[in-house]
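Report on the following structure.
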Amino acid sequence: MAKGDDNVQRKKNKLTRKKMSRKNDTATVSARISAIIAAKKRRKSGKRSMCQGMCFTLPTLEDPFNERQGKGDITKKKKKKKKVKSREEKKPSTMSIDGVEKKMDGPPKFLMLNLNEIESSFRKDSTYSEQHDKSLFTSTWGIEFWKCFSSGKDILETSGMSSTVEQIAWIVSSAADAIARREKDEEEEEEEEEEVGNSPFLLYLVPSQSKASQVRSVCKALKGIGIHTVSLHQGASLDHQISGLKSVEPEFIVATPERLLEIVNLKGVDISSVSLLVIDELGSLCTGGYLDAVKSIKQAISSKHQSIVFNDSFSDSTIPAVQSLLGRSINRVTVSDSVASQGSCIIQTVNVCASEEQKLQKFAEHLDSSSSKIIHIVTKEESFKKIKALLKLKGLSVSINSDSKISEVKKSRKPVAHLIDIEQLDTTVMRDFETVLLPDFFPSIEIYTQILTSMARESVHGVLHSFITEKEAASYRAGPLVTILEDCGQNIPDPWRNMHVAMSD
4 MAKGDDNVQR KKNKLTRKKM SRKNDTATVS ARISAIIAAK KRRKSGKRSM
54 CQGMCFTLPT LEDPFNERQG KGDITKKKKK KKKVKSREEK KPSTMSIDGV
104 EKKMDGPPKF LMLNLNEIES SFRKDSTYSE QHDKSLFTST WGIEFWKCFS
154 SGKDILETSG MSSTVEQIAW IVSSAADAIA RREKDEEEEE EEEEEVGNSP
204 FLLYLVPSQS KASQVRSVCK ALKGIGIHTV SLHQGASLDH QISGLKSVEP
254 EFIVATPERL LEIVNLKGVD ISSVSLLVID ELGSLCTGGY LDAVKSIKQA
304 ISSKHQSIVF NDSFSDSTIP AVQSLLGRSI NRVTVSDSVA SQGSCIIQTV
354 NVCASEEQKL QKFAEHLDSS SSKIIHIVTK EESFKKIKAL LKLKGLSVSI
404 NSDSKISEVK KSRKPVAHLI DIEQLDTTVM RDFETVLLPD FFPSIEIYTQ
454 ILTSMARESV HGVLHSFITE KEAASYRAGP LVTILEDCGQ NIPDPWRNMH
504 VAMSD
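Its first residue numbered 4, the sequence shown is counted upward by one per residue in the numbering used here.
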């Protein structure tokens, strides 16, 4: 056999072996059978090839010419648009401190980093003094403030002073942390900037330029993390401040009310979407005649926001201002245990009457003028019958125990009078009591103080009325009560003051 014929025969044998191996291999099938199997699988899964779609798909109103070939939509699927949160929804998220929804045991890490930046800037500053030597991390007030801030409620600081450097540091650090958490939630949202606008997150109102400088010096330490602060006050060019606002677009604004209103009226800044409003030294603002300006600024903020008020006055004249600036439910923050601090924004009246009949008449007048849904009456048990008759005459529902009080309120639209035996008084359950009447006065100044410092803990609408006859008043020491009323900035009735003067002589 020639050499060429040998090569040809070798190739033929190779092809023969391949054909034999294919016949013996049960795992392989022909191309026709493979196509049938594939079509069956597509039919079971609901998918068909282009030609099969043309055969089995009928025209529809949406696709009269059968261009989609049985497919739902040949166009590219549109991505779902993410819901853009409004400024109201971007408010610091509520974190329940006590309860099932608790998310963290203490202040977040970023807040602590902010405090560290501020503390470091104090130590580097040559004007650093020993009064700031206390670490910001160990602040009792700061921890309490953070818990109240996280709840989302308005906050009233009742120490009777303006904000300290320590308190300013905790406020601005908490605000910076809230901004960081908000931005984290918005990382994937593309149109956020257009929806929110350029309103600052924090608006800090102060009565003077010196206070504005103090607040800004604290906020300055946060510039390294991207928090810019602008101070607006008299003594600087209005045009310069407006141009600065447009070039910086700050997260924080520290301002005096009159200058801020000027710039707002000139469209120099938009405050409609402010998330946190701080009003410092409210008593000084009221004394300086800036209360109307503060109220106008408050009304200009159209978004839902959180307010913090530092009331540096215990005078009862500031109570209406506090009530107009804060919501119905608030949190109180203070490190002071004084009666004046604990009883802040609670109106106290002592009615000294000539006789029992006049006392009962005065008591009835307060019942008529009260706007509270529930009136709590603390008195002796033997007086229940007489007072109950008067209450029913006035058209009030009467509740004698705390269990029936809630059910009565739900059943009846008219006000409910809750009678409490003074011998069984439990002041620990009085934090929600807004209106308390003492028709038989009180056995001792200690009980009066306990009631005052226990009631209306989450409200600025607390009212405490006391009633006593001149004969009964003669057996009381007027001095302690006069001291409490003076410390709390309340009106002292002339008969009571005269008794105090007579006893002191």
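Cβ atoms here follow ideal geometry from the backbone N, Cα and C, with glycine treated the same way.
Given the structure is predicted, the values throughout are model-derived calculations rather than measurements.
Mind checking residue i: buried by the 16 CB within 10 Å criterion, or exposed?
i	result
M502	buried
K14	exposed
F444	buried
D497	exposed
G145	buried
V175	buried
S246	exposed
M506	exposed
L18	exposed
K83	Reliability fails at K83, whose pLDDT of 47 lies under 50, so the model's placement of it is uncertain and the value that follows must be treated cautiously. Exposed, by the Cβ-count rule.
G238	exposed
E385	exposed
R35	exposed
A181	buried
D128	exposed
V297	buried
E252	exposed
Of all the options the options, which has the alpha carbon lying nearest to the alpha carbon of residue i?
i	options	result
L488	G346, F366, I228 and F444	G346
I171	G155, L205, L484 and G271	L205
S165	N494, K127, S138 and S213	S213
A367	G465, T352, T337 and L393	L393
Y451	H464, E473 and Y479	Y479
I282	I230, S211, S276 and S339	S211
R331	P323, V463 and H421	V463
G398	K388, A420, I228 and P62	A420
V541	K150, P110, M115 and E265	Any question about residue 541 goes unanswered here, given that the chain covers just 4 to 508.
E261	R185, K301 and K226	K301
I378	M458, S320 and E169	M458
T472	T430, L363, R460 and D188	L363
A183	G291, F113 and A477	F113
G388	I403, K376 and A476	According to the sequence shown, residue 388 is Lys rather than Gly. Of I403, K376 and A476, the residue nearest in Cα terms is I403.
E122	S220, P203, S216 and T143	S220
S138	S153, M115, I158 and V401	M115
D340	S216, D180, Q453 and V401	Q453
F148	P67, S310 and A296	S310
V439	S124, K226 and H369	H369
S447	S469, V325 and S372	S469
K307	P323, D319, L279 and G286	L279
S216	L422, R460, T167 and L441	T167
In the DSSP assignment, find the beta strand (DSSP E) that holds residue i and state where it starts and stops.
i	result
R354	Sequence inspection shows Asn at residue 354; the Arg mentioned does not correspond to that position. Taken as a continuous stretch (DSSP letters only), the beta strand (DSSP E) holding N354 covers I349 to C356.
Q309	Q309 to F313
L159	D157 to E160
T232	T232 to L235
L205	L205 to L208
From the DSSP output, in three-state form, read off residue i for me.
i	result
R331	coil
H464	coil
I282	strand
L258	Before going on, a small fix: residue 258 reads as Ala here, not Leu. Three-state DSSP puts A258 in a strand.
F470	strand
V11	helix
V272	coil
V338	coil
V277	coil
A239	coil
T78	Because the pLDDT of T78 is 49, which lies under 50, any placement of that residue in the model is unreliable, and the question is left without a value.
A477	coil
D66	coil
E252	coil
E193	Because the pLDDT of E193 is 48, which lies under 50, any placement of that residue in the model is unreliable, and the question is left without a value.
G56	Low local confidence applies: a pLDDT of 48 at G56 is under 50, so the model's placement there is unreliable, with the coordinate-based value given in what follows. Looking at G56 - three-state DSSP - the assignment turns out to be helix.
K83	Interpretation of K83 is limited by its pLDDT of 47, a score under 50 that renders its predicted location unreliable; no figure is taken from the coordinates.
K137	coil
Please report the residue range of the alpha helix (DSSP H) in which residue i lies.
i	result
F152	T143 to S154
L225	Careful: L225 lies outside any alpha helix (DSSP H) and carries neither H nor E.
T167	It is not in any alpha helix (DSSP H) - T167 carries neither H nor E in the DSSP assignment.
N501	D497 to S507
N3	The displayed coordinates of the chain run from 4 to 508. Any statement about residue 3 would go beyond what the structure contains.
I300	L294 to A303
E1	Outside the modelled stretch of the chain, which goes from 4 to 508, sits residue 1, for which no answer is possible.
Q493	Segment: none, Q493 is in no alpha helix (DSSP H) and carries neither H nor E.
Is the closest heavy atom of the ligand MG to the C-beta of residue i under 7 Å?
i	result
K388	Among the components modelled here there is no ligand, and therefore nothing to report on the ligand MG.
For chain B, check one thing: does any of its Cβ atoms lie closer than 8 Å to the Cβ of residue i?
i	result
G482	Judged by its chain identifiers, the structure shown contains no chain B, having just a single protein chain.
Let me know the alpha helix (DSSP H) ranges lying completely inside the region 375–461, each 4 residues or longer, listed in chain order. You should have 387–396, 405–414 and 448–457.
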